[in-house]
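S.K.: Chains as they are written, first to last, in the working numbering: chain A, 5 to 556; chain B, 106 to 490.
Ideal placement from N, C-alpha and C gives every residue a C-beta, glycine not left out.
Just passing along the structure, written as structure tokens.
What follows is the structure, encoded as structure tokens:
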């Protein structure tokens with residue numbers, strides 16, 4: 005039942021208060037093996053409003069939205085749409101219930117026109133021939149009604165980010181959605197496209213549609229939303245209106261409790277600089293660099309934690325150190341030697357190890373036996389090779405050693421890596437990287453998806469390696485992990501290092517503010533240039549590296 | 106568990122053969138032929154010495170061609186260009202064989218080296234295009250095949266054609282015969298008794314076996330092979346582990362082409378006419394190699410069986426038509442066999458995979474139960490987002 009936007013239920017926002025909520029989630033719980041993604045979630049979205057859902061990475065926002073869009077089924081709880089309880093088994097059920105999803109990453113076919121993309125999947129069954137004329141009219145009509153101007157006959161590949169997003173929204177509206185879920189809609193937009201998007205959202209609201217807006221950019225949320233629900237650790241914490249809170253309050257609500265204090269260490273950080281980054285810049289597809297002028301020093305026996313909302317340059321930082329990406333500017337030094345021109349293999353051979361961010365994609369050969377997987381990344385080094393040939397016996401022995409030391413649960417070394425559970429795959433990867441006794445370790449989310457016991461074990465291994473002199477660059481979305489392990493904490497925001505903090509004395513407020521690009525002093529948008537300059541200065545002062553000069 | 110897996114991997118070929126026999130029988134019945142007659146003729150073939158020797162002789166080039174294709178397959182590269190690579194390599198090597206001023210058996214080595222170099226250079230073009238320009242090797246090798254055929258004809262007629270002794274025009278397009286020391290000796294002494302029909306056991310099969318051993322060592326035992334297999338299995342992880350993806354792509358293509366260069370040498374260094382002629386030089390071996398690589402699942406031993414089976418079916422064509430049976434039936438059976446093998450292995454692999462996952466899960470996946478009350482910490486790592 006597609007709405008006719010001009011005549012349909014376009015009630016003004018004021019009178020909607022009497023109507024049942026557009027969407028109501030009650031007591032939603034969703035468990036995945038080993039983790040509870042959502043726990044007793046309550047969310048009430050009034051019709052004709054823009055309702056923001058904010059929370060950290062991994063807080064459970066996406067899972068919740070997937071439940072609402074029928075991509076995941078809740079283990080407990082009820083979903084009510086317009087006062088009627090619904091059961092959403094698949095996205096088509098959600099679409100029928102009038103719920104549409106605009107995904108964070110556009111799901112458009114580049115080589116088709118806007119019109120073709122919009123009708124794709126909802127082509128009329130009868131007659132078989134698609135009436136382009138009618139579809140075109142409908143798209144124009146929707147565009148006019150909601151202020152979403154896109155030429156239906158333009159090729160999607162010729163469109164910019166903002167226009168593509170409008171196509172996504174049109175696609176959802178074309179299917180008759182009354183409730184739109186936008187998952188991190190601003191992540192892919194440049195600032196002026198963000199303004200356009202917000203104007204579009206206001207237009208949708210005026211026409212009586214309801215918008216669910218997922219974000220962690222607090223200033224945006226405050227400027228556009230009518231109500232804000234905060235999710236933390238899988239559950240809804242509270243719902244507030246923008247006029248009763250500041251960005252600082254929100255950041256606080258998002259991060260929640262007091263941060264744990266870092267565990268005291270009984271070894272000293274040495275003064276020997278092991279890894280240093282100087283003005284490391286990685287270019288992006290447009291003029292905004294993905295990583296911008298990172299200056300960072302990690303000494304022997306030090307763990308430097310990198311905090312930040314995912315997608316703010318963490319992947320590029322890892323790639324820059326491992327030589328997987330070309331640097332636009334700057335250099336990477338290990339032990340004072342400029343390694344910017346080295347290949348990934350040379351870096352690994354000289355003792356830079358890496359726990360990749362996505363073990364399935366970057367770290368394993370699924371169909372290969374475990375002993376071939378432990379060789380991965382060290383296939384040019386003992387005990388995995390002898391001369392130009394693989395040392396199969398040596399590799400198997402080393403694998404057995406890793407299995408025993410790191411408690412990998414497997415019947416043997418011949419099992420395919422793909423047959424192991426995620427936690428055990430991670431233990432295997434940690435094992436192979438640490439057993440090589442590297443001098444620098446870049447570890448991204450080392451305990452993601454790992455059960456509590458294994459997590460503690462991996463943390464202990466990292467501490468032990470650090471005490472033995474390993475320099476660790478720890479990228480994580482888990483603040484407990486960062487605070488608990490790091491000697492120094494830096495924050496990445498928009499590809500810049502905007503803060504260098506002492507994990508022992510950092511307040512949660514400040515951390516939350518930096519991660520979301522908010523100035524902890526005023527609560528306004530953070531001046532990243534100044535913040536970045538201060539962070540670099542702090543790093544130089546703390547590590548005793550003089551401005552611009554090499555390590556001593 | 107290991108014994109289990111061996112048993113299961115034996116199940117696949119057995120299943121495949123059963124499937125192939127059943128479907129072929131059906132085809133024969135439908136086409137109005139007697140399956141009994143066909144199968145008994147095929148059975149007779151296996152007992153006749155002359156036919157066996159012919160089968161082995163034919164299997165050699167098949168084997169090498171399949172190995173060339175398999176090298177690409179191990180890195181998920183589809184070298185369809187073996188056809189062009191071996192033809193071009195064949196004609197150049199034949200020309201080198203009579204014109205190279207090399208003493209004694211170095212002439213034989215020279216011929217082999219030239220064939221490998223030409224094959225790998227030709228495949229290397231596709232490798233470079235793929236590595237540095239992202240051109241699909243499927244497309245480029247198909248195109249290069251056509252160019253190679255043209256070049257082969259051009260080189261042969263223009264430069265490599267044998268001059269007739271008395272200066273008259275000779276219309277036969279052939280290179281001059283390779284001198285004795287550039288040839289492989291025959292292996293007839295290995296066979297007890299006389300081989301009927303003037304057939305000789307071609308020593309080319311030894312070369313094929315050496316290629317097989319080399320292939321096995323390179324891919325399964327060397328560091329290079331590890332990198333190559335890793336790149337094929339998970340290119341992203343391979344790159345993160347320090348493998349230079351472009352270099353590997355180029356090298357895999359070049360090595361595949363180098364092996365392909367040897368395919369056509371059987372009638373140049375191994376048996377009559379010891380030269381490149383349009384009539385004696387076998388065409389289509391490159392495409393057959395693709396089928397046999399599939400049949401042998403890129404495994405050096407598997408490919409050997411595949412090559413022998415294929416060659417056996419080919420050789421059976423002549424007696425088939427002599428007995429008034431449709432010779433095409435063997436071609437159909439070849440096709441059915443390939444399909445059966447692909448299907449059978451898929452089935453068995455799934456069974457193995459499921460069993461392995463189950464066993465691994467049982468091997469003490471006693472992970473602690475998820476906490477009833479998740480800790481009130483922020484951002485429990487691992488929540489799928």
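Give the DSSP-derived three-state secondary structure of residue 161(B) in the structure shown.
M.R.: Of the three classes helix, strand and coil, the one that applies to residue 161(B) here is helix, per DSSP.
S.K.: Skipping 5 residues on each side, what residues in its chain have a beta carbon closer than 7 angstroms to that of residue 495(B)?
M.R.: Outside the modelled stretch of chain B, which goes from 106 to 490, sits residue 495(B), for which no answer is possible.
S.K.: Confirm, please, whether the CB-CB distance from residue 240(A) to residue 47(A) is below 7 angstroms.
M.R.: Yes, these two residues count as a Cβ contact at 7 angstroms.
S.K.: Could you check if residue 89(A) is buried or exposed, using at least 16 other CB atoms within 10 Å of its CB as the buried criterion?
M.R.: Answer is exposed; the Cβ neighbour count stays below 16.
S.K.: Secondary structure at residue 138(B), three-state DSSP: helix, strand or coil?
M.R.: Correct three-state label for residue 138(B): coil.
S.K.: Between residue 363(A) and residue 318(A), which are expected to be in contact by the criterion C-beta below 8 angstroms, what is the C-beta distance as a whole number of angstroms?
M.R.: Contact doesn't hold; Cβ gap of about 15 angstroms is too wide.
S.K.: If you measure from the beta carbon of residue 44(A) to each beta carbon in chain B, is any gap under 7 angstroms?
M.R.: By this cut-off, residue 44(A) is not an interface position.
S.K.: Helix, strand or coil, according to DSSP, for residue 42(A) in the structure here?
M.R.: DSSP places residue 42(A) in strand when its eight states are reduced to three.
S.K.: Within the 7 angstroms Cβ cut-off, does residue 381(A) reach chain B?
M.R.: Interface residue, yes.
S.K.: Identify every residue that forms a DSSP beta bridge with residue 89(A).
M.R.: In DSSP, residue 89(A) forms a bridge with 84(A).
S.K.: Report yes or no: do the region 369-379 of chain B and the region 297-315 of chain B share at least 3 C-beta pairs separated by less than 8 angstroms?
M.R.: Segments in contact, yes.
S.K.: Against residue 511(B), what residues of chain A qualify as contacts under a CB-to-CB distance less than 9 angstroms, listed in chain order?
M.R.: There is simply no residue 511(B) to check, as chain B begins at 106 and stops at 490 in what is shown.
S.K.: I'd like to know if residue 393(A) contacts chain B, where contact means its C-beta is closer than 7 angstroms to some C-beta of that chain.
M.R.: By this cut-off, residue 393(A) is an interface position.
S.K.: At a CB-CB cut-off below 8 angstroms, which residues of chain B make contact with residue 384(A)?
M.R.: Per Cβ cutoff of 8 angstroms: 328, 347.
S.K.: Around the C-beta of residue 469(B), are 16 or more other C-beta atoms found within 10 angstroms, so that it is buried, or is it exposed?
M.R.: Bear in mind that a pLDDT of 46 at residue 469(B), under 50, signals an unreliable position, so the number given afterwards is only what the model happens to contain. So residue 469(B) counts as exposed.
S.K.: Nearest by alpha-carbon distance to residue 235(A): which of 255(A), 470(A), 435(A) is it?
M.R.: Nearest C-alpha to residue 235(A): 255(A).
S.K.: Taking 7 angstroms as the threshold (C-beta atoms), are residue 435(A) and residue 458(A) in contact?
M.R.: In this structure, residue 435(A) does not lie closer than 7 angstroms to residue 458(A) by Cβ.
S.K.: Please report the distance separating the alpha-carbon of residue 296(A) from that of residue 540(A).
M.R.: In a straight line, the C-alpha of residue 296(A) is about 12 angstroms away from that of residue 540(A).
S.K.: Candidates 125(B), 131(B), 139(B): which alpha carbon is nearest residue 429(B)'s?
M.R.: Cα-wise, what sits closest to residue 429(B) is 139(B).
S.K.: Does DSSP classify residue 497(A) as helix, strand or coil?
M.R.: Residue 497(A): strand per DSSP, three-state reduction.
S.K.: Does the CB of residue 250(B) have a neighbour CB from chain A at under 7 angstroms?
M.R.: So, not an interface residue.
S.K.: Would you mind listing the alpha helix (DSSP H) stretches within the region 129-161 of chain A that are 4+ residues and don't spill past its ends, in chain order?
M.R.: List check, alpha helix (DSSP H) in window: 136-150.
S.K.: With DSSP run on the structure shown, which of helix, strand or coil describes residue 469(B)?
M.R.: Unreliable placement is indicated for residue 469(B), whose pLDDT of 46 sits below 50; the coordinate value is still reported in the next sentence. Residue 469(B): coil per DSSP, three-state reduction.
S.K.: Are the region 195-210 of chain A and the region 153-173 of chain A touching, with three or more C-beta to C-beta distances below 8 angstroms?
M.R.: Judged by Cβ distances under 8 angstroms, the region 195-210 of chain A makes contact with the region 153-173 of chain A, as three or more pairs qualify.
S.K.: By how many angstroms is the C-alpha of residue 63(A) removed from the C-alpha of residue 33(A)?
M.R.: So the two alpha carbons sit approximately 13 angstroms from each other.
S.K.: In the structure shown, what three-state DSSP assignment does residue 360(A) receive?
M.R.: It is coil, neither helix nor strand.
S.K.: So with CB distances below 7 angstroms, who are the chain B contacts of residue 360(A)?
M.R.: Simply 345.
S.K.: Tell me whether residue 166(B) is buried or exposed, calling it buried when 16 or more other Cβ atoms sit within 10 Å of its Cβ.
M.R.: When all chains shown are included, residue 166(B) counts as buried.
S.K.: Name, please, each residue of chain A whose Cβ falls closer than 9 angstroms to the Cβ of residue 464(B).
M.R.: Result: 415, 419, 423.
S.K.: Counting only C-beta atoms, is residue 339(B) closer than 7 angstroms to chain A at any point?
M.R.: Closer than 7 angstroms: yes.
S.K.: Can you pull out the residues from the region 284-314 of chain B whose beta carbon lies closer than 8 angstroms to at least one beta carbon of chain A?
M.R.: So nothing in the stretch comes that close.
S.K.: Run through the region 239-281 of chain A for me and flag every whole alpha helix (DSSP H) of 4 or more residues, listed as ranges in chain order.
M.R.: Entirely contained in the region 239-281 of chain A, the alpha helix (DSSP H) runs reaching 4 residues are, in chain order, 251-259.
S.K.: Who are the neighbours of residue 366(A) on chain B, taking C-beta pairs under 8 angstroms?
M.R.: Residues of chain B passing the Cβ test: 341, 342, 345.
S.K.: Can you name the residues that DSSP bridges to residue 327(B)?
M.R.: Per DSSP, 393(A).
S.K.: What is the DSSP secondary structure of residue 246(B), reduced to helix, strand or coil?
M.R.: It is helical.
S.K.: Take residue 346(B) and list the residues in its own chain whose beta-carbon comes closer than 7 angstroms to its own, dropping the five residues that flank it on each side.
M.R.: Counting only Cβ-Cβ distances below 7 angstroms, and skipping sequence neighbours, we find 335.
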